[in-house]
Amino acid sequence: MDFLLQGFQALTWQQVAMWIIGGILIYLAIKKDMEPALLLPMGFGAILVNLPLSPVIGDPANGEHLGIITSLFQVGIEASEAMPLLLFIGIGCMIDFGPLLTNPKLFILGGAAQLGIFVTIILAAMIGFPLNDAASIGIIGAADGPTAILVAMQLASKYLGPIMVVAYSYMALVPIVQPAVIKMCTTKKERLIRMKYSAKQVPQLMRILFPIIVTIISGLIAPDSLSLVGMLMFGNLLRECGVLKSLSETAQTTFSNIITLLLGITIAFQMQAEAFLSLETIIIMLLGLFAFVFDTIGGVMCAKLINLFSKEKINPMLGAAGISAFPMASRVVAKMGTKEDPSNHLLMHAVGANVSGQIASAIVGGLIIGILGPFCGL
Amino acid sequence: MLNLMTLLAAFDNLTPMNWEAIKPALNFLWQGLLAIFVVIGLIIITVKLTAFVIAKCTEAKKRREEAAQSAESEESNS
């Protein structure tokens, strides 16, 4: 009768702790509607991979029998970072760069809102994380799951699992974290600043040229960002070219859904108890929060700085929308704007800053790989 | 059982307050921020230039069409 007890005998308290974490992720996804498309597969995956003798993992050390999740991880993420990169095609298809092209100045906010990444790298290095791990932790501040995965993979960080989980969890926490930080950094008067929005039509030629221009420029200055920026811009070109409607629709819906579904459950490979449960994971969670807070501060302060020299004032809250969490960050800012003054509509401006953050975070990811790669012996 | 010693042991591979690691990290801070703003600046300039050229071309095309139209109407009048 021993075969009936094999599972119980192999069970460890760490695995049970991971079931609880998995349960919390599922709860947050279903009850709190926090990034359910990712947190639910990740939560279930955390339970799945932490069952003793789980055949979905197999015996990767032996290499003879690989479970389905191990195989998906090795092929879809480890070998070529294919899954996060392919997801960027779908994201690119979903993004309308119109509001940004109407007011290109907003691009600056996208750049400034990456400050938290670099400040967190310094803090993580101060605490004692090796530079490759510090940079991979800092990139959580990009508020962009695929970028975080790519950077952590390329820099060979051993904290890939916690980084992925924290990156995706915090993206869901944007509506909780950002309003408090924005209020802390701005006065009521600043939050009431109105901005004109001229809904002028952006010529289709401009919309078509934009992804090509961005790809060429970022490719020349930050070649390591090309895989991310290239996929994002390829997706956007599909959307804007006007002759590939069915491909664009597929990329926005079915394709993105399939990748998201597989990515969520595949990430769970990194949530095996022995690698996940450590003090470092808690520190990474705190550093991730720090990165988000400093991103928001960076964006808001940059908007304030621009206001010192500009005739047309920018509502500093828009700076917070410069992070990559799309479209949550822009929704948060628009909601705060209407809360302060119901007739102040900031949504289109916030979307402009938000999509610029999407591009900026991908470029920063590539820059970090490029700058740090040689230091990390890559 | 998780106890304080286990928690502290997890810190073993971290060297608290690693000031030596901060120097290169500070280097990355300025290099990274400079690079991102250079890329963004170039994108803004290129976008503005492209928008300007497209607007001028559209205007010129419109003017040519108007001139052709008025020439046609003058011809038909004469």
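As they're listed, the protein sequences go chains A and D. Start counting the first sequence at 1; every next residue gets the next number (my numbering). Start counting the second sequence at 1001; every next residue gets the next number (my numbering). For glycine and all other residues, C-beta sits at the position ideal for the given N, C-alpha and C. Predicted model, so just to flag it, every value in this text is computed and none were measured.
Under 9 Å by beta carbon: chain A residues contacting residue i
i, result
"Leu1061(D)", "Checking the sequence, you will find Lys at residue 1061(D) rather than Leu. Neighbours of Lys1061(D) on chain A: none; closest Cβ ~12 Å, over 9 Å."
"Ala1051(D)", "Leu101, Pro104, Val202, Pro203, Met206"
Residue j beta carbon less than 8 Å from that of residue i
i, j, result
"Leu228(A)", "Thr147(A)", "yes"
"Ala113(A)", "Ile323(A)", "yes"
"Gln45(A)", "Ile267(A)", "The question names Gln, yet the displayed sequence has Gly at residue 45(A). Cβ distance < 8 Å, so Gly45(A) and Ile267(A) count as in contact."
"Ile1043(D)", "Val214(A)", "yes"
"Ile137(A)", "Ile284(A)", "yes"
"Pro211(A)", "Met184(A)", "no"
"Met206(A)", "Ile1022(D)", "no"
"Phe107(A)", "Ile1036(D)", "no"
"Phe326(A)", "Leu115(A)", "no"
"Ile405(A)", "Met153(A)", "Here chain A comprises residues numbered 1 to 378, so residue 405(A) is not present and cannot be evaluated."
"Leu5(A)", "Pro52(A)", "no"
"Ala156(A)", "Asn132(A)", "yes"
"Arg194(A)", "Met317(A)", "no"
"Leu262(A)", "Ala251(A)", "no"
"Ser225(A)", "Gly366(A)", "yes"
"Gln14(A)", "Glu274(A)", "yes"
"Val1038(D)", "Pro104(A)", "no"
"Thr296(A)", "Ile182(A)", "yes"
"Ala334(A)", "Ala350(A)", "yes"
"Gly264(A)", "Phe88(A)", "no"
"Phe1028(D)", "Phe292(A)", "no"
"Pro130(A)", "Phe276(A)", "no"
"Leu429(A)", "Ser169(A)", "Since the displayed chain A opens at 1 and closes at 378, residue 429(A) lies outside it and no answer follows."
Close-in-space but distant-in-sequence residues of the same chain around residue i (CB under 6 Å, 5 per side omitted)
i, result
"Ile84(A)", "Looking at the sequence shown, residue 84(A) is not Ile but Pro. Excluding positions up to five away in sequence, the list reads Pro146, Ile149, Leu150."
"Leu1008(D)", "Reliability of the predicted coordinates at Leu1008(D) is poor, the pLDDT of 49 falling under 50, and the value obtained from them is presented with this limitation in mind. Correct list: empty, nothing qualifies."
"Ala329(A)", "Val174, Ala321, Ile323, Asn354"
"Cys1057(D)", "none"
"Met1001(D)", "Low confidence applies to Met1001(D): its pLDDT is 39, below 50, so where it sits in the model is not reliable enough to give any reading."
"Thr260(A)", "Ala37"
"Lys31(A)", "none"
"Met18(A)", "Ala46, Asn50, Ala273"
"Leu287(A)", "Thr120, Ala124, Ile137"
"Phe290(A)", "Thr120"
"Gly98(A)", "Val202"
Residue i: contacting residues in chain A (beta-carbon distance under 8 Å)
i, result
"Phe1037(D)", "Ile108, Gly111"
"Lys1056(D)", "Neighbours of Lys1056(D) on chain A: none; closest Cβ ~12 Å, over 8 Å."
Boundaries (first-last residue) of the alpha helix (DSSP H) holding residue i
i, result
"Gly366(A)", "347-372"
"Pro162(A)", "160-172"
"Ile216(A)", "204-221"
"Ile121(A)", "115-127"
"Phe309(A)", "279-309"
"Tyr27(A)", "13-30"
"Ser225(A)", "Taken as a continuous stretch (DSSP letters only), Ser225(A) belongs to no alpha helix (DSSP H), as it is neither H nor E."
"Ile137(A)", "131-138"
"Val332(A)", "328-340"
"Phe107(A)", "107-112"
"Phe97(A)", "Where Phe97(A) is concerned, there is no enclosing alpha helix (DSSP H), given that its DSSP letter is neither H nor E."
"Pro52(A)", "From DSSP, Pro52(A) is part of no alpha helix (DSSP H); its letter is neither H nor E."
"Gln6(A)", "2-10"
"Val151(A)", "145-154"
"Phe71(A)", "The question names Phe, yet the displayed sequence has Ser at residue 71(A). 68-73 is the span of the alpha helix (DSSP H), which, as asked, contains Ser71(A)."
"Lys188(A)", "188-191"
"Glu249(A)", "245-250"
Nonlocal neighbours in the same chain, by C-beta distance under 7 Å from residue i, ignoring five residues either side
i, result
"Asn1003(D)", "Annotation note: pLDDT 46 at Asn1003(D) (below 50); position unreliable, coordinate value reported separately. Closer than 7 Å at the Cβ level, and outside the excluded window around Asn1003(D), lies no residue."
"Gly381(A)", "Because chain A in this structure spans residues 1 to 378, residue 381(A) falls outside the shown range and cannot be described."
"Pro55(A)", "Gly67"
Under 9 Å from the C-beta of residue i: neighbouring residues of chain D
i, result
"Gln154(A)", "Within chain D, no residue comes near Gln154(A); the closest Cβ sits about 15 Å away, beyond 9 Å."
"Pro146(A)", "Correct list: empty, because the minimum Cβ distance to chain D is about 18 Å."
"Gln114(A)", "Gly1032, Leu1033, Ile1036"
"Pro162(A)", "Here the premise fails: no neighbours, minimum Cβ distance about 12 Å."
"Phe375(A)", "Pro1024, Phe1028"
Neighbour flag for residue i against chain B, beta carbons, 8 Å
i, result
"Gln252(A)", "Here the protein chains are A and D, and chain B is not one of them."
Chain A contact residues for residue i, given Cβ-Cβ distances below 7 Å
i, result
"Phe1028(D)", "Phe118, Ile121, Ile371, Leu372"
Interface partners of residue i on chain D, CB under 7 Å
i, result
"Leu101(A)", "Val1047"
"Val165(A)", "In chain order: nothing, as chain D lies at least about 17 Å away."
"Pro104(A)", "Ile1044, Val1047, Lys1048"
"Ile368(A)", "Gly1032"
Same chain only: Cβ atoms within 8 Å of residue i, ignoring 5 sequence neighbours per side
i, result
"Leu101(A)", "Val202, Met206, Arg207, Phe210"
"Ile57(A)", "Val49, Gly67, Ile69, Thr70, Phe269, Gln272"
"Leu247(A)", "Leu238"
Any non-hydrogen atom of the ligand SAH within 7 Å of residue i CB
i, result
"Ala124(A)", "No copy of the ligand SAH appears in this structure; indeed no ligand is present at all."
Per-residue contacts from residue i into chain D (C-beta, under 8 Å)
i, result
"Val364(A)", "Gly1032, Ile1036"
"Pro36(A)", "Going along chain D, no residue has its Cβ under 8 Å from Pro36(A), so there is no contact; the nearest lies around 31 Å."
"Ile24(A)", "Those do not exist, as Ile24(A) stays about 18 Å from chain D at its closest Cβ, beyond 8 Å."
Return the residues of the stretch 201-229 of chain A that lie within a Cβ-Cβ distance of less than 7 Å from chain D, sorted by chain order.
Pro203, Leu205, Met206, Leu209, Phe210, Ile213, Val214, Ile217, Ser218, Ile221, Ala222
If you measure beta-carbon to beta-carbon, which residues of the stretch 330-361 of chain A are closer than 7 Å to chain D?
Ala360
Members of the stretch 120-136 of chain A near chain D, C-beta cut-off 7 Å:
Ile121, Ile122, Ala125, Met126, Ile127, Gly128, Phe129, Leu131, Ala134
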